[in-house]
(Lines of atoms letter the chains of each structure in order from A; the text may use other names.)
(Lines give C-alpha, C1' and ligand atoms only; values in the text may rest on other atoms or scores of the structure.)
Protein backbone atom coordinates (compact mmCIF):
# COMPACT_ATOMS: atom_id res chain seq x y z
CA UNK A 1 0.00 0.00 0.00
CA UNK A 2 1.50 3.37 -1.01
CA UNK A 3 2.03 6.12 1.57
CA UNK A 4 -0.71 8.21 -0.04
CA UNK A 5 -3.27 5.43 -0.04
CA UNK A 6 -2.29 4.42 3.50
CA UNK A 7 -2.70 8.02 4.70
CA UNK A 8 -6.11 8.17 3.06
CA UNK A 9 -7.12 4.79 4.49
CA UNK A 10 -6.13 5.77 8.04
CA UNK A 11 -8.12 8.97 8.34
CA UNK A 12 -9.46 9.74 11.81
CA UNK A 13 -12.96 8.50 10.99
CA UNK A 14 -11.55 5.27 9.56
CA UNK A 15 -9.60 4.59 12.75
CA UNK A 16 -12.84 4.92 14.71
CA UNK A 17 -14.66 2.57 12.32
CA UNK A 18 -11.85 0.01 12.56
CA UNK A 19 -11.87 0.19 16.37
CA UNK A 20 -15.61 -0.47 16.43
CA UNK A 21 -15.23 -3.26 13.88
CA UNK A 22 -12.58 -4.94 16.05
CA UNK A 23 -14.80 -4.85 19.15
CA UNK A 24 -17.87 -6.04 17.24
CA UNK A 25 -15.98 -8.98 15.72
CA UNK A 26 -14.38 -9.81 19.08
CA UNK A 27 -17.84 -10.37 20.55
CA UNK A 28 -19.09 -12.17 17.43
CA UNK A 29 -16.14 -14.57 17.48
CA UNK A 30 -16.49 -15.12 21.21
CA UNK A 31 -20.22 -15.76 20.91
CA UNK A 32 -20.43 -17.89 17.75
CA UNK A 33 -17.20 -19.90 17.91
CA UNK A 34 -16.96 -20.49 21.65
CA UNK A 35 -19.61 -19.12 23.99
CA UNK A 36 -22.84 -20.23 22.28
CA UNK A 37 -21.63 -23.77 21.41
CA UNK A 38 -19.92 -24.38 24.77
CA UNK A 39 -22.45 -22.58 26.98
CA UNK A 40 -25.37 -24.16 25.13
CA UNK A 41 -23.87 -27.63 25.40
CA UNK A 42 -22.21 -27.65 28.83
CA UNK A 43 -24.32 -25.19 30.83
CA UNK A 44 -27.75 -25.57 29.23
CA UNK A 45 -27.48 -29.15 27.93
CA UNK A 46 -28.81 -28.21 24.50
CA UNK A 47 -28.38 -30.48 21.48
CA UNK A 48 -26.10 -29.38 18.67
CA UNK A 49 -29.08 -28.89 16.36
CA UNK A 50 -30.53 -26.30 18.79
CA UNK A 51 -27.15 -24.56 18.94
CA UNK A 52 -27.04 -24.64 15.15
CA UNK A 53 -30.54 -23.09 15.06
CA UNK A 54 -29.37 -20.26 17.35
CA UNK A 55 -26.38 -19.51 15.11
CA UNK A 56 -28.68 -19.64 12.09
CA UNK A 57 -31.05 -17.20 13.83
CA UNK A 58 -28.10 -14.85 14.29
CA UNK A 59 -27.18 -15.03 10.61
CA UNK A 60 -30.83 -14.82 9.55
CA UNK A 61 -31.31 -11.42 11.15
CA UNK A 62 -27.80 -10.32 10.18
CA UNK A 63 -28.31 -11.29 6.54
CA UNK A 64 -31.96 -10.32 6.29
CA UNK A 65 -31.23 -6.77 7.42
CA UNK A 66 -28.21 -6.18 5.18
CA UNK A 67 -30.30 -4.97 2.25
CA UNK A 68 -32.25 -2.57 4.46
CA UNK A 69 -29.10 -1.37 6.21
CA UNK A 70 -27.38 -0.73 2.89
CA UNK A 71 -30.39 1.30 1.76
CA UNK A 72 -30.39 3.28 5.03
CA UNK A 73 -26.65 3.96 4.84
CA UNK A 74 -27.25 5.63 1.48
CA UNK A 75 -29.78 7.99 3.12
CA UNK A 76 -29.10 8.39 6.85
CA UNK A 77 -25.99 9.25 8.82
CA UNK A 78 -23.53 6.46 9.55
CA UNK A 79 -23.81 7.23 13.28
CA UNK A 80 -27.58 6.72 13.32
CA UNK A 81 -27.50 3.37 11.55
CA UNK A 82 -24.44 1.94 13.32
CA UNK A 83 -25.37 3.06 16.84
CA UNK A 84 -28.96 1.80 16.67
CA UNK A 85 -27.76 -1.54 15.29
CA UNK A 86 -25.13 -1.95 18.00
CA UNK A 87 -27.69 -1.11 20.67
CA UNK A 88 -29.77 -4.07 19.47
CA UNK A 89 -26.68 -6.28 19.57
CA UNK A 90 -25.99 -5.19 23.15
CA UNK A 91 -29.56 -6.07 24.10
CA UNK A 92 -29.19 -9.50 22.48
CA UNK A 93 -25.97 -10.26 24.37
CA UNK A 94 -27.52 -9.01 27.62
CA UNK A 95 -30.56 -11.27 27.11
CA UNK A 96 -28.40 -14.39 26.97
CA UNK A 97 -28.22 -14.46 30.77
CA UNK A 98 -31.93 -15.34 30.74
CA UNK A 99 -31.50 -18.10 28.09
CA UNK A 100 -32.65 -21.00 30.25
CA UNK A 101 -35.00 -22.23 27.50
CA UNK A 102 -34.22 -23.11 23.89
CA UNK A 103 -36.49 -20.42 22.42
CA UNK A 104 -34.90 -17.71 24.59
CA UNK A 105 -31.43 -18.89 23.56
CA UNK A 106 -32.39 -18.72 19.88
CA UNK A 107 -34.21 -15.38 20.21
CA UNK A 108 -31.28 -13.72 22.00
CA UNK A 109 -28.93 -14.88 19.25
CA UNK A 110 -31.32 -13.47 16.63
CA UNK A 111 -31.52 -10.06 18.33
CA UNK A 112 -27.75 -10.03 18.63
CA UNK A 113 -27.45 -10.45 14.84
CA UNK A 114 -29.28 -7.20 14.10
CA UNK A 115 -26.37 -4.86 14.71
CA UNK A 116 -23.45 -6.72 13.11
CA UNK A 117 -23.84 -5.61 9.49
CA UNK A 118 -23.68 -1.79 9.50
CA UNK A 119 -20.09 -1.26 10.64
CA UNK A 120 -18.78 -3.94 8.25
CA UNK A 121 -20.60 -2.44 5.26
CA UNK A 122 -19.38 1.05 6.22
CA UNK A 123 -15.77 -0.19 6.25
CA UNK A 124 -16.23 -1.88 2.87
CA UNK A 125 -17.46 1.36 1.30
CA UNK A 126 -14.25 3.10 2.41
CA UNK A 127 -12.02 0.78 0.33
CA UNK A 128 -10.69 2.60 -2.73
CA UNK A 129 -10.85 1.25 -6.27
CA UNK A 130 -7.06 1.28 -6.65
CA UNK A 131 -5.28 -1.45 -4.66
CA UNK A 132 -8.60 -2.97 -3.59
CA UNK A 133 -7.13 -6.34 -2.62
CA UNK A 134 -4.37 -4.68 -0.57
CA UNK A 135 -6.76 -2.47 1.39
CA UNK A 136 -9.21 -5.33 1.83
CA UNK A 137 -6.33 -7.43 3.09
CA UNK A 138 -5.75 -4.87 5.84
CA UNK A 139 -9.48 -4.59 6.57
CA UNK A 140 -9.72 -8.36 6.90
CA UNK A 141 -6.68 -8.32 9.17
CA UNK A 142 -8.56 -6.11 11.65
CA UNK A 143 -11.67 -8.27 11.22
CA UNK A 144 -9.80 -11.51 11.82
CA UNK A 145 -7.80 -10.25 14.78
CA UNK A 146 -11.08 -9.39 16.45
CA UNK A 147 -12.87 -12.54 15.32
CA UNK A 148 -9.95 -14.75 16.35
CA UNK A 149 -9.06 -13.13 19.67
CA UNK A 150 -12.68 -13.34 20.86
CA UNK A 151 -12.88 -17.15 21.05
CA UNK A 152 -9.30 -17.47 22.33
CA UNK A 153 -9.99 -15.17 25.27
CA UNK A 154 -13.39 -16.80 25.80
CA UNK A 155 -11.95 -20.33 25.87
CA UNK A 156 -9.44 -19.33 28.52
CA UNK A 157 -12.09 -17.55 30.61
CA UNK A 158 -14.62 -20.38 30.25
CA UNK A 159 -12.20 -22.72 32.02
CA UNK A 160 -11.96 -20.17 34.83
CA UNK A 161 -15.44 -18.67 35.23
CA UNK A 162 -18.51 -18.86 33.00
CA UNK A 163 -20.16 -15.77 34.46
CA UNK A 164 -17.01 -13.67 34.05
CA UNK A 165 -16.81 -14.75 30.40
CA UNK A 166 -20.35 -13.56 29.81
CA UNK A 167 -19.79 -10.15 31.42
CA UNK A 168 -16.58 -9.61 29.43
CA UNK A 169 -18.68 -10.08 26.26
CA UNK A 170 -21.29 -7.61 27.55
CA UNK A 171 -18.57 -5.10 28.43
CA UNK A 172 -16.96 -5.26 24.98
CA UNK A 173 -20.37 -4.94 23.27
CA UNK A 174 -21.11 -1.90 25.45
CA UNK A 175 -17.75 -0.34 24.51
CA UNK A 176 -18.51 -0.80 20.80
CA UNK A 177 -21.88 0.92 21.19
CA UNK A 178 -20.38 3.83 23.17
CA UNK A 179 -17.69 4.35 20.51
CA UNK A 180 -20.38 4.46 17.81
CA UNK A 181 -21.83 7.57 19.45
CA UNK A 182 -18.62 9.42 18.48
CA UNK A 183 -19.13 8.82 14.74
CA UNK A 184 -19.81 12.00 12.78
CA UNK A 185 -23.49 12.80 12.37
CA UNK A 186 -22.96 13.88 8.78
CA UNK A 187 -23.82 11.56 5.92
CA UNK A 188 -20.25 11.07 4.78
CA UNK A 189 -20.77 8.62 1.92
CA UNK A 190 -20.59 10.08 -1.57
CA UNK A 191 -23.60 8.85 -3.50
CA UNK A 192 -25.41 9.69 -6.71
CA UNK A 193 -29.01 10.67 -6.11
CA UNK A 194 -30.82 7.92 -7.98
CA UNK A 195 -34.41 6.81 -7.30
CA UNK A 196 -34.63 3.59 -5.25
CA UNK A 197 -36.43 1.70 -8.03
CA UNK A 198 -33.67 2.63 -10.45
CA UNK A 199 -31.04 1.56 -7.91
CA UNK A 200 -32.70 -1.85 -7.65
CA UNK A 201 -32.65 -2.08 -11.44
CA UNK A 202 -28.92 -1.29 -11.46
CA UNK A 203 -28.27 -3.90 -8.79
CA UNK A 204 -30.40 -6.43 -10.67
CA UNK A 205 -28.19 -5.82 -13.69
CA UNK A 206 -25.08 -6.40 -11.58
CA UNK A 207 -26.52 -9.63 -10.16
CA UNK A 208 -27.23 -10.86 -13.69
CA UNK A 209 -23.66 -9.97 -14.68
CA UNK A 210 -22.26 -11.92 -11.74
CA UNK A 211 -24.53 -14.96 -12.03
CA UNK A 212 -21.49 -17.17 -12.58
CA UNK A 213 -20.18 -16.14 -9.17
CA UNK A 214 -23.39 -16.88 -7.27
CA UNK A 215 -22.80 -20.64 -6.71
CA UNK A 216 -19.40 -19.96 -5.18
CA UNK A 217 -20.81 -17.18 -2.99
CA UNK A 218 -23.41 -19.46 -1.45
CA UNK A 219 -21.29 -22.63 -1.16
CA UNK A 220 -18.42 -20.80 0.56
CA UNK A 221 -20.57 -19.53 3.39
CA UNK A 222 -22.57 -22.78 3.51
CA UNK A 223 -19.42 -24.82 4.15
CA UNK A 224 -18.15 -22.38 6.79
CA UNK A 225 -21.58 -22.16 8.42
CA UNK A 226 -21.81 -25.93 8.81
CA UNK A 227 -18.63 -25.90 10.90
CA UNK A 228 -19.65 -23.20 13.38
CA UNK A 229 -21.87 -25.16 15.79
CA UNK A 230 -19.57 -28.20 15.92
CA UNK A 231 -16.03 -26.78 16.09
CA UNK A 232 -15.53 -26.92 19.89
CA UNK A 233 -17.10 -30.38 20.24
CA UNK A 234 -15.15 -31.68 17.21
CA UNK A 235 -11.90 -30.41 18.77
CA UNK A 236 -12.70 -32.34 21.96
CA UNK A 237 -14.35 -35.48 20.57
CA UNK A 238 -12.65 -35.76 17.18
CA UNK A 239 -9.17 -34.43 17.92
CA UNK A 240 -8.93 -35.14 21.65
CA UNK A 241 -8.07 -31.54 22.45
CA UNK A 242 -8.48 -29.61 25.67
CA UNK A 243 -9.80 -26.03 25.71
CA UNK A 244 -6.19 -24.81 25.85
CA UNK A 245 -5.22 -26.91 22.81
CA UNK A 246 -8.26 -25.54 20.96
CA UNK A 247 -7.16 -21.99 21.80
CA UNK A 248 -3.66 -22.73 20.46
CA UNK A 249 -5.16 -24.14 17.26
CA UNK A 250 -7.24 -20.97 16.81
CA UNK A 251 -4.22 -18.77 17.50
CA UNK A 252 -2.11 -20.61 14.88
CA UNK A 253 -4.81 -20.64 12.22
CA UNK A 254 -5.97 -17.09 12.86
CA UNK A 255 -2.44 -15.77 13.29
CA UNK A 256 -1.27 -17.21 9.96
CA UNK A 257 -4.31 -15.69 8.28
CA UNK A 258 -3.68 -12.28 9.82
CA UNK A 259 0.03 -12.30 8.90
CA UNK A 260 -0.70 -13.49 5.37
CA UNK A 261 -3.63 -11.24 4.41
CA UNK A 262 -1.78 -8.09 3.39
CA UNK A 263 1.03 -9.90 1.47
CA UNK A 264 -1.56 -12.12 -0.23
CA UNK A 265 -3.63 -9.05 -1.08
CA UNK A 266 -0.62 -7.39 -2.72
CA UNK A 267 0.21 -10.54 -4.69
CA UNK A 268 -3.42 -10.83 -5.74
CA UNK A 269 -3.37 -7.23 -6.98
CA UNK A 270 -0.24 -8.03 -9.02
CA UNK A 271 -1.00 -11.48 -10.42
CA UNK A 272 -4.80 -11.71 -10.51
CA UNK A 273 -7.33 -13.64 -8.47
CA UNK A 274 -7.71 -17.02 -10.18
CA UNK A 275 -4.92 -19.13 -8.73
CA UNK A 276 -5.32 -17.71 -5.24
CA UNK A 277 -8.95 -18.86 -5.23
CA UNK A 278 -8.23 -22.28 -6.77
CA UNK A 279 -5.28 -23.21 -4.55
CA UNK A 280 -6.75 -21.64 -1.43
CA UNK A 281 -10.07 -23.49 -1.56
CA UNK A 282 -8.41 -26.77 -2.63
CA UNK A 283 -6.01 -26.66 0.33
CA UNK A 284 -8.91 -25.80 2.64
CA UNK A 285 -10.90 -28.84 1.54
CA UNK A 286 -7.94 -31.24 1.72
CA UNK A 287 -7.01 -30.09 5.23
CA UNK A 288 -10.55 -30.53 6.51
CA UNK A 289 -10.48 -34.11 5.21
CA UNK A 290 -7.12 -34.64 6.92
CA UNK A 291 -8.55 -33.47 10.23
CA UNK A 292 -11.26 -36.14 10.11
CA UNK A 293 -8.51 -38.78 10.31
CA UNK A 294 -7.88 -37.83 13.97
CA UNK A 295 -4.27 -36.66 13.54
CA UNK A 296 -1.98 -36.26 16.58
CA UNK A 297 -1.85 -32.83 18.19
CA UNK A 298 1.34 -31.67 16.44
CA UNK A 299 -0.03 -32.58 13.00
CA UNK A 300 -3.41 -30.98 13.78
CA UNK A 301 -1.61 -27.74 14.65
CA UNK A 302 0.31 -27.94 11.36
CA UNK A 303 -2.97 -28.33 9.50
CA UNK A 304 -4.22 -25.23 11.33
CA UNK A 305 -1.21 -23.38 9.90
CA UNK A 306 -2.11 -24.54 6.36
CA UNK A 307 -5.75 -23.51 6.89
CA UNK A 308 -4.64 -20.05 7.98
CA UNK A 309 -2.43 -19.53 4.92
CA UNK A 310 -5.19 -20.83 2.62
CA UNK A 311 -7.75 -18.48 4.13
CA UNK A 312 -5.33 -15.57 3.71
CA UNK A 313 -5.01 -16.42 0.01
CA UNK A 314 -8.75 -16.60 -0.57
CA UNK A 315 -10.20 -13.64 1.34
CA UNK A 316 -8.68 -10.56 -0.35
CA UNK A 317 -8.84 -12.13 -3.82
CA UNK A 318 -12.51 -13.06 -3.51
CA UNK A 319 -13.68 -9.78 -2.05
CA UNK A 320 -11.67 -7.67 -4.48
CA UNK A 321 -13.32 -9.57 -7.33
CA UNK A 322 -16.74 -9.06 -5.77
CA UNK A 323 -16.09 -5.33 -5.29
CA UNK A 324 -16.02 -4.85 -9.07
CA UNK A 325 -19.78 -5.41 -9.11
CA UNK A 326 -20.70 -2.71 -6.57
CA UNK A 327 -22.44 0.13 -8.48
CA UNK A 328 -20.69 3.50 -8.07
CA UNK A 329 -22.77 5.81 -5.89
CA UNK A 330 -24.80 3.02 -4.28
CA UNK A 331 -22.09 1.37 -2.22
CA UNK A 332 -24.15 0.85 0.92
CA UNK A 333 -27.04 -0.73 -0.99
CA UNK A 334 -24.67 -2.67 -3.26
CA UNK A 335 -22.64 -4.25 -0.47
CA UNK A 336 -25.87 -4.89 1.39
CA UNK A 337 -27.29 -6.91 -1.50
CA UNK A 338 -24.11 -8.87 -2.15
CA UNK A 339 -23.58 -9.58 1.53
CA UNK A 340 -27.17 -10.81 1.69
CA UNK A 341 -26.51 -13.27 -1.15
CA UNK A 342 -23.35 -14.49 0.59
CA UNK A 343 -25.27 -14.80 3.85
CA UNK A 344 -27.69 -17.41 2.45
CA UNK A 345 -25.12 -20.14 3.11
CA UNK A 346 -24.51 -18.78 6.60
CA UNK A 347 -28.22 -19.09 7.36
CA UNK A 348 -28.61 -22.67 6.15
CA UNK A 349 -25.17 -24.00 7.10
CA UNK A 350 -25.43 -24.08 10.92
CA UNK A 351 -28.77 -25.91 10.81
CA UNK A 352 -27.35 -28.54 8.43
CA UNK A 353 -24.15 -28.86 10.45
CA UNK A 354 -25.98 -29.16 13.76
CA UNK A 355 -28.44 -31.72 12.37
CA UNK A 356 -25.73 -33.93 10.84
CA UNK A 357 -23.62 -33.75 14.00
CA UNK A 358 -26.59 -34.65 16.22
CA UNK A 359 -27.68 -37.63 14.11
CA UNK A 360 -24.28 -38.78 12.82
CA UNK A 361 -21.02 -37.21 14.03
CA UNK A 362 -19.00 -34.01 14.06
CA UNK A 363 -16.43 -35.66 11.75
CA UNK A 364 -19.15 -36.17 9.13
CA UNK A 365 -19.80 -32.43 9.09
CA UNK A 366 -16.10 -31.61 8.71
CA UNK A 367 -15.69 -34.15 5.89
CA UNK A 368 -18.74 -32.86 4.02
CA UNK A 369 -17.49 -29.28 4.34
CA UNK A 370 -14.14 -30.45 2.94
CA UNK A 371 -15.90 -31.90 -0.13
CA UNK A 372 -17.72 -28.62 -0.67
CA UNK A 373 -14.52 -26.56 -0.61
CA UNK A 374 -12.87 -28.92 -3.11
CA UNK A 375 -15.90 -28.53 -5.39
CA UNK A 376 -15.58 -24.73 -5.08
CA UNK A 377 -11.91 -24.98 -6.09
CA UNK A 378 -12.85 -26.97 -9.22
CA UNK A 379 -15.55 -24.39 -9.94
CA UNK A 380 -12.89 -21.66 -10.14
CA UNK A 381 -10.69 -23.82 -12.40
CA UNK A 382 -13.37 -23.50 -15.09
CA UNK A 383 -14.58 -20.02 -14.17
CA UNK A 384 -14.06 -17.63 -17.16
CA UNK A 385 -11.80 -15.09 -15.47
CA UNK A 386 -10.78 -13.85 -18.92
CA UNK A 387 -14.20 -12.17 -19.14
CA UNK A 388 -13.33 -10.07 -16.11
CA UNK A 389 -9.73 -9.13 -16.88
CA UNK A 390 -8.91 -6.30 -14.51
CA UNK A 391 -11.95 -7.33 -12.46
CA UNK A 392 -13.71 -4.05 -13.30
CA UNK A 393 -17.05 -4.01 -15.09
CA UNK A 394 -18.32 -1.15 -17.24
CA UNK A 395 -20.91 1.09 -15.57
CA UNK A 396 -24.46 -0.27 -15.54
CA UNK A 397 -27.25 1.80 -17.05
CA UNK A 398 -28.09 4.72 -14.84
CA UNK A 399 -24.60 5.26 -13.44
CA UNK A 400 -21.91 7.65 -14.59
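In full-length UniProt numbering, the protein residues as written are 1 to 400. For each residue, glycine too, the CB sits at the ideal point set by N, CA and C.
Could you pull out every unbroken alpha helix (DSSP H) segment of at least 4 residues lying fully inside the stretch 72-134, listed in chain order? 78-95, 102-112, 117-125
Flag this pair as touching only if the stretch 137-150 and the stretch 55-65 have three or more C-beta atom pairs under 8 Å; answer yes or no. Too few Cβ pairs lie closer than 8 Å, so no.
Would the stretch 305-321 count as touching the stretch 266-284 if we require 3 or more Cβ pairs under 8 Å? Enough Cβ pairs lie closer than 8 Å, so yes.
Can you check the stretch 11-37 for any alpha helix (DSSP H) of at least 4 residues that lies completely inside it and give the ranges in chain order? The qualifying runs are 12-29.
Alpha-carbon spacing of residue 240 relative to residue 234, whole angstroms: Mapped onto the chain shown, residue 240 falls at position 240. Mapped onto the chain shown, residue 234 falls at position 234. Their Cα atoms are separated by approximately 8 Å.
Thinking C-beta only, is residue 381 closer than 8 Å to residue 286? Translated into the one-based positions of the chain shown, residue 286 becomes position 286. Translated into the one-based positions of the chain shown, residue 381 becomes position 381. Contact: no.
Roughly how many angstroms separate the alpha carbons of residue 267 and residue 261, rounded to a whole number? The sequence position of residue 267 within the chain shown is 267, counting from 1. The sequence position of residue 261 within the chain shown is 261, counting from 1. It is roughly 10 Å from the alpha-carbon of residue 267 to the alpha-carbon of residue 261.
How about residue 25 and residue 221: are their beta carbons less than 8 Å apart? What you label residue 25 is simply residue 25 of the chain shown in a count that begins at 1. What you label residue 221 is simply residue 221 of the chain shown in a count that begins at 1. No, the Cβ-Cβ distance between residue 25 and residue 221 is not below 8 Å.
Selection from 34, 139, 72 that minimises the alpha carbon distance to residue 259: By one-based count along the chain shown, residue 259 stands at place 259. For the residues 34, 139, 72, the minimum Cα distance to residue 259 belongs to 139.
Need the endpoints of the alpha helix (DSSP H) that residue 268 sits in, please. The residue given as residue 268 occupies position 268 in the chain shown. Element bounds for residue 268: 243-271.
Which residue marks the beginning of the alpha helix (DSSP H) containing residue 180, and which one marks its end? Here residue 180 refers to the residue found at position 180 when the chain shown is read from its first residue. 162-180 is the extent of the alpha helix (DSSP H) around residue 180.
Given that a residue counts as buried once 16 or more other Cβ atoms are within 10 Å of its Cβ, and exposed if not, what is residue 371? Translated into positions along the chain shown, residue 371 becomes position 371. By the 10 Å Cβ count, residue 371 comes out exposed.
Specify the secondary structure class of residue 41 as computed by DSSP and reduced to three states. The residue given as residue 41 occupies position 41 in the chain shown. Correct three-state label for residue 41: helix.
Residue 59, enclosing alpha helix (DSSP H) - first and last residue: Here residue 59 is taken as the residue at index 59 of the chain shown, counted from 1. Here the alpha helix (DSSP H) through residue 59 covers 48-64.
Residue interval of the alpha helix (DSSP H) (run including residue 276): The residue given as residue 276 occupies position 276 in the chain shown. DSSP places residue 276 inside the alpha helix (DSSP H), whose first and last residues are 274-291.
For residue 112 and residue 281, what's the separation of their Cα atoms in angstroms? Walking along the chain shown from the start, residue 112 turns up at place 112. Walking along the chain shown from the start, residue 281 turns up at place 281. Whole-angstrom Cα-Cα distance: 30 Å.
Excluding the five sequence neighbours on either side, which residues of its own chain have a C-beta within less than 6 Å of the C-beta of residue 172, listed in chain order? Start at 1 with the first residue of the chain shown, and residue 172 comes out as number 172. The beta carbon of residue 172 sits closer than 6 Å to the beta carbons of 23, 26, 27 from its chain, once the five residues preceding and following it are set aside; these are given in chain order.
So is residue 298 buried or exposed if we call it buried at 16+ other beta carbons inside 10 Å? Working through the chain shown from its first residue, we reach residue 298 at position 298. Counting other Cβ atoms within 10 Å of its Cβ, residue 298 stays below 16 and is therefore classed as exposed.
Just checking, does the stretch 344-357 make contact with the stretch 287-296 on the three C-beta pairs under 8 Å criterion? no
What residue range is occupied by the uninterrupted alpha helix (DSSP H) comprising residue 227? The residue given as residue 227 occupies position 227 in the chain shown. Taken as a continuous stretch (DSSP letters only), the alpha helix (DSSP H) holding residue 227 covers 214-227.
Which residues bound the alpha helix (DSSP H) around residue 232? Numbered from its first residue, the chain shown carries residue 232 at position 232. Counting along the chain, the alpha helix (DSSP H) containing residue 232 begins and ends at 231-237.
If we ignore side chains and look at the alpha-carbon of each, how far apart do residue 44 and residue 50 end up? Sequence index remark: in the chain shown, residue 44 carries index 44 (1-based). Sequence index remark: in the chain shown, residue 50 carries index 50 (1-based). Computed Cα separation, rounded: 11 Å.
What is the DSSP secondary structure of residue 453, counted as helix, strand or coil? The structure shown does not extend to residue 453, since the chain is modelled only from 1 through 400, so no value can be given for it.
Return the chain-ordered list of same chain residues with a C-beta closer than 6 Å to the C-beta of residue 363, the five sequence neighbours on each side being excluded. Taking the first residue of the chain shown as 1, we reach residue 363 at position 363. Once the five neighbours on either side are set aside, the close Cβ partners of residue 363 are 238, 292.
Count Cβ pairs between the stretch 15-22 and the stretch 99-118 that sit closer than 8 Å; are there 3 or more? no
Between residue 228 and residue 35, what straight-line distance do the alpha-carbon atoms span, to the nearest angstrom? Stepping through the chain shown from its first residue, residue 228 is reached at position 228. Stepping through the chain shown from its first residue, residue 35 is reached at position 35. Residue 228 and residue 35: Cα-Cα distance of roughly 11 Å.
Backbone CA spacing between residue 165 and residue 242 [nearest angstrom]: Taking the chain shown and counting its residues from 1, one reaches residue 165 at position 165. Taking the chain shown and counting its residues from 1, one reaches residue 242 at position 242. Cα to Cα, residue 165 sits roughly 18 Å from residue 242.
Taking the straight line between their C-alpha atoms, what separation do you get for residue 152 and residue 33? Counted from its first residue, the chain shown places residue 152 at position 152. Counted from its first residue, the chain shown places residue 33 at position 33. Straight-line Cα distance between these residues: approximately 9 Å.
Measure the beta-carbon distance from residue 118 to residue 87 and round it to whole angstroms, keeping in mind my assumption that it falls under 8 Å. Counting from one through the chain shown, the residue named residue 118 turns up at place 118. Counting from one through the chain shown, the residue named residue 87 turns up at place 87. Going by Cβ atoms, the distance from residue 118 to residue 87 rounds to 11 Å, so no, they are not a contact pair.
Measure the C-alpha to C-alpha separation of residue 310 and residue 283 and round it to an integer number of angstroms. Translated into the one-based positions of the chain shown, residue 310 becomes position 310. Translated into the one-based positions of the chain shown, residue 283 becomes position 283. Distance between the alpha carbons of residue 310 and residue 283: 6 Å.
Please state if the CB of residue 365 and the CB of residue 226 are separated by a distance shorter than 8 Å. Position 226 of the chain shown, counting from 1, holds the residue named residue 226. Position 365 of the chain shown, counting from 1, holds the residue named residue 365. Their beta carbons are under 8 Å apart, which means residue 226 touches residue 365 by this criterion.
Spatial neighbours of residue 253 within its chain, please: CB distance less than 6 Å, with the 5 preceding and 5 following residues excluded, ordered by chain position. Here residue 253 is taken as the residue at index 253 of the chain shown, counted from 1. Hits under 6 Å: 304, 307, 308.
Using the C-alpha atoms, what's the distance from residue 184 back to residue 378? Taking the chain shown and counting its residues from 1, one reaches residue 378 at position 378. Taking the chain shown and counting its residues from 1, one reaches residue 184 at position 184. For residue 378 and residue 184, the distance between alpha carbons rounds to 45 Å.
Taking the C-alpha atoms as reference points, what is the distance between residue 175 and residue 83? Reading the chain shown from its first residue, position 175 is the one you call residue 175. Reading the chain shown from its first residue, position 83 is the one you call residue 83. Distance between the alpha carbons of residue 175 and residue 83 is about 11 Å.
Between which two residues does the alpha helix (DSSP H) containing residue 364 stretch? Here residue 364 is taken as the residue at index 364 of the chain shown, counted from 1. Counting along the chain, the alpha helix (DSSP H) containing residue 364 begins and ends at 362-381.
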